[in-house]
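Quick note: the sequence shown uses our numbering, first residue 10, plus one each step.
First up is the structure itself, then whatever we jot down about it.
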Amino acid sequence: MERVSDHYATMALTEPQLNQIRQLEEQLRKETNKDVVLIAYEESDHNPT
10 MERVSDHYAT MALTEPQLNQ IRQLEEQLRK ETNKDVVLIA YEESDHNPT
């Protein structure tokens, strides 16, 4: 898991969850005629001192 800030890290997703995101990306692409990329983050346990 990659930390993207002190508060959030990229989220590990299951294959079904990834498929849901891909389907939503495709739906948004069709609706907007723009390339869409969705990224999942989760709150990080990292606490900077």
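Here a beta-carbon is modelled for each residue, glycine too, at the ideal position from N, C-alpha and C.
DSSP places T41 in the uninterrupted alpha helix (DSSP H) bounded by E24 to T41. The alpha-carbon of E34 is positioned some 21 Å away from that of A18. Pairing E52 with H16, the inter-Cα distance amounts to about 6 Å. In the displayed model, A18 falls within a strand according to three-state DSSP.
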